[in-house]
Each structure stands twice: as C-alpha cells, then as structure tokens.
Amino acid sequence: MARERLNSGNERGIELPKAKLNRETLGHVSRLLSYLKPYRGKFIAALVCLFLTSLVGLAFPSFVGALIDTAQGKRTDDWLPATIPGILVLAFVVLGLQALISFFRILWFVTVGERALADIRRDTYLKLITLPMNFFAGRRVGELNSRISADLSQVQDTLTTTIAEMIRQAVLLVGGIVFMAIISKKLIFALLAVLPILIVSAVFFGRFIRKISREAQDKLAESNTMVEETLMGIASVKAFVNEPFEVKRYGGAIGEVAAIAIRGAKFRGMFSSFIVLCIFGGILGVIGYGCVLVSHGEITFGELLKFSLYSMFLGSSLGSFPELFANVQKTVGASERVLEILAEKGENVSTSKKADPIEQKIIGNLSFSHVSFSYPSRAEVEVLREVSFEASAGQRVAIVGPSGSGKSTTAALILQFYSPQ
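So, in structure tokens, the structure goes:
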C-alpha cells in the first residue's frame, strides 16, 4: 500500500501524464538522480536502514507463530527462545530497534530529497530567467510554472517516497515468498496458482482503464483551456454579453469528462470485484487446505498462522506495485519536461551582482539599417520590413504609428529581447 508523501511539494490536485518506461526515458530520470550525488552518504545510509527495517518486519509473523506454538507446547523455530516471556522480550527489543531505525530512515530520505530538489529547482529557475525571449514567445506562463511546481513535486515524491517504498515492497515480496516456501511448499504452490489469473486480469482490465483515464485527462485539459481563454478574454466576453454561450460550452465539456469518468468507474468496479473475489477466495481456499495439513500433522497451527500473515504481506506488496509503477511513469514524464528546460541554450547572462561591473558610462548612437523582423511564434507575419532610422546620443526620437505598426517591436529590438533577421 502506497504511503503518504513526506515532502514539501505535496500537490494532489494535479494529475500528471504518464510516460512509457524504456532505456531512453529511464536515462532522463537518471540525469535528475545525479543531483543525489552530493548527498550519497545519507542516501546510502537511508537505503541500509530501509533494508534492515524491511527484514525486521518479516520477523513479526515468526514471533506470532512461535507464541502460538509455544502456548500449545510445540516448538518450530529453534532460533527463538523456548518460553513465551523470552519470545515477547525479544520481539519488543526487535520492534524497538525497528522503530529507531525507521526514524533515521525517514529523516535521511526526506533530507536528501528536499536538498536535491532544492538544487533542481534552483537550476531550473536559473535556466528559465536566463533563456531568451524567443523561448517565452511560444509558451504559456502557466505551463512553465507547472514545470517548477507540479513536475518537480512529482520528482520529489519519487526521491523521498516512491523509491524507498518500491525497495521495501520488493524485500517484503521476496522475503515473504521465501518464508512461506520454508513453512510449506504445498501451501505456497497452492497460493501461487492464483497469481497468473490475477496478473492476466490486471493486464486485461488495465488497458481499458488506462485508455479511458487518458481520454478523461485530455477532455479535462480541454475544459481547463476553455477556462483560461475565457478569463484571459473576459473583457470581450462581457462586451458581447457572451456569458450564456461560455457557460454552455464549458458545461458540455465538463459533461463529457463526467461521462468518460463514469464509464471508467464501471471497468474499475468490475476489476475490483473480480480481484476481491480472487484474492479472498484464494486466501480462503489456501487456509482451508492449510487446516487439512494441520489435521494431518504436516504443519502446526502456528505455522499456518505465520503463513497467513506472510500471505497478507505478499498481497499487500503486489497490490502496491501498480500505484508505485504509475508514480514512476509520472516521474519519467515530469523529468522529461524539466530536462527540456535545462537543455535549452540560455543567454550569456551573469546572475552575480559583482560579475562584469560597468566601470564607465556607455555613450553612443542608435542605428537601424534595413531591419526586418517576424516573431518566432508567427513567422509568416512580418512586423517590420526594411526599417531604417538613426538616433544620436541625447536626441529625443518619437516613433509614431497606428496600432500594430511595430512600435513595441522596435522597442523590444532596441532592448535586445530579440535578434533582427
């Protein structure tokens, strides 16, 4: 079962798109993971603590089973004390040790994640403010802000929670299977016989659910675009008394989103019902078979209880992997969008106040000679064509013309926001 986020960027209202996992996309994630290098000491220590707490967690069913068997005058675990008080004392010591290690595990994971993300945020922001105006001409401010907030929050969630949880669940999964096989090979084979059915059904239903979820996200994005366009042009909406049309248009888009979501809920409901039937039916069947083995003297009641607890670990681990895998897919997509910014070529601008000081006042003339210009976002529209003029130092020059004649564009070229063509 996936845990709550333990970071400062917990934004639940934004559903990020997922990316396919392959060598190229995982390479993008590894580039962001390189920000962990300055803190690799604490990160490795946190991984060691994670591994230890997972192993200690696997010992809990053994303590419970040993208590039951000892109470019945039987002993199945030679590595545990032979008395109930001895088992309890050892169990509490181990649990106390696990609690202490868990504290440092969480502290170190969050510390490393927060500091690494602070570095990524700083570099991303530095890159953004040093990019040329051409970059901003074709992009929305909301989109760029999303890179800093939602995308990096998703990366942060992976660094502080998802990676640790995937390792933890993998240890519990493998360890649970090993311990169950040690207890009874017959029971483990009976339990594992149900897994192929669950996997095939998960793949079958998962395709439909992903497709419908993607449709819902696309429709929701369209509706959000409507809101943005309406609010940005609210003056035009008010001027033409166009409120009823905009309300109807947005209501239709939201209705489509709701219809798609309800259709997806039907598939999720069918899948959930099927999984519940298979899991609980399988567990009930395995426990029934285990009771038969207990009655034949092949295993003890304590071993059956241990097996049942380990099967719960197994089911919990398997159930958490789809969500963790989805988080990794979201992180891959988020890292791609962040790396797109970091890969852009910025201007040669120093961010230090002490760098490149201007020691003398610059005095000179300004000259335009046959300058033509089109904005990158509208290359087919020529705003300036063969413009020439000269302004001497100290001279006041007025640029006069109707709206759209290029006055603001001329000022932007003087400030070197763009380069003339």
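Counting from 253, one number per residue, gives the positions in the sequence shown under our numbering.
Even for Gly, the Cβ is constructed at its ideal location relative to N, Cα and C.
All of these numbers come straight from a predicted model, not from anything done at the bench.
Who are the Cβ neighbours of V364 in its own chain at under 6 angstroms, not counting the five residues just before and after it? Cβ neighbours of V364 within its own chain (closer than 6 angstroms, five residues either side excluded): Y291, K294, F295.
Write down the C-beta distance between L206 and V509 rounded to the nearest angstrom, noting that I regard them as a contact closer than 8 angstroms. Residue 206 lies beyond the range of the chain shown here (253 to 673); nothing can be said about it.
Could you pull the start and end residues of the beta strand (DSSP E) that L636 belongs to? For L636, the enclosing beta strand (DSSP E) starts and ends at 636-643.
By Cβ distance, which residues of its chain are closer than 8 angstroms to I666, with the 5 residues on each side in sequence left out? Within the same chain, I666 has close Cβ partners L618.
Can you look up V528 in the DSSP assignment and give me helix, strand or coil? In the structure shown, V528 falls within a helical segment according to DSSP collapsed to helix, strand and coil.
Here's the rule: buried if 16 or more other CB atoms are within 10 angstroms of the residue's CB, otherwise exposed. What is W360? Its Cβ being crowded by 16 or more others within 10 Å, W360 is buried.
Helix, strand or coil at F523 [DSSP, three-state]: In the structure shown, F523 sits in a helix (DSSP, three-state: H, G or I).
Alpha-carbon to alpha-carbon, L310 and S453: Distance between the alpha carbons of S453 and L310 is about 29 angstroms.
I need the straight-line Cα distance from T382 to S655, nearest angstrom please. Between T382 and S655, the C-alpha separation is close to 30 angstroms.
Between which residues of its own chain and D321 is the CB-CB distance below 7 angstroms, once the five residues before and five after are set aside? Within the same chain, and ignoring the five residues on either side of D321 in sequence, the residues whose Cβ sits closer than 7 angstroms to its Cβ are R327, T328, T552, G554.
With DSSP as the reference, label L472 as helix, strand or coil. Three-state result, L472: helix.
DSSP state of S436, grouped into three classes? Note: S436 maps to coil in three-state DSSP.
Are K558 and P333 closer than 9 angstroms when you measure CB to CB? No, they are not a contact pair.
Exposed or buried, what is N386 when buried is set at 16 or more other beta-carbons lying within 10 Å of its beta-carbon? Using a 10 angstroms sphere on the CB of N386, the tally of other CB atoms stays under 16, which defines it as exposed.
Please state whether the Cβ-Cβ distance between V590 and D403 is less than 9 angstroms. Using a Cβ distance threshold of 9 angstroms, V590 and D403 count as a contacting pair.
Considering only residues of the same chain and omitting the five flanking positions on each side of S401, which have a CB-CB separation below 6 angstroms? Counting only residues of its own chain and dropping the five nearest sequence neighbours on each side, S401 has no CB closer than 6 angstroms to any other CB.
Going by C-alpha to C-alpha distance, which of S569, R648, Q421, Y502 sits closest to F303? In terms of Cα proximity to F303, the closest of S569, R648, Q421, Y502 is Q421.
Report the option in G533, E395, S525 whose CA atom is closest to the CA atom of T477. Among G533, E395, S525, the Cα nearest to that of T477 belongs to E395.
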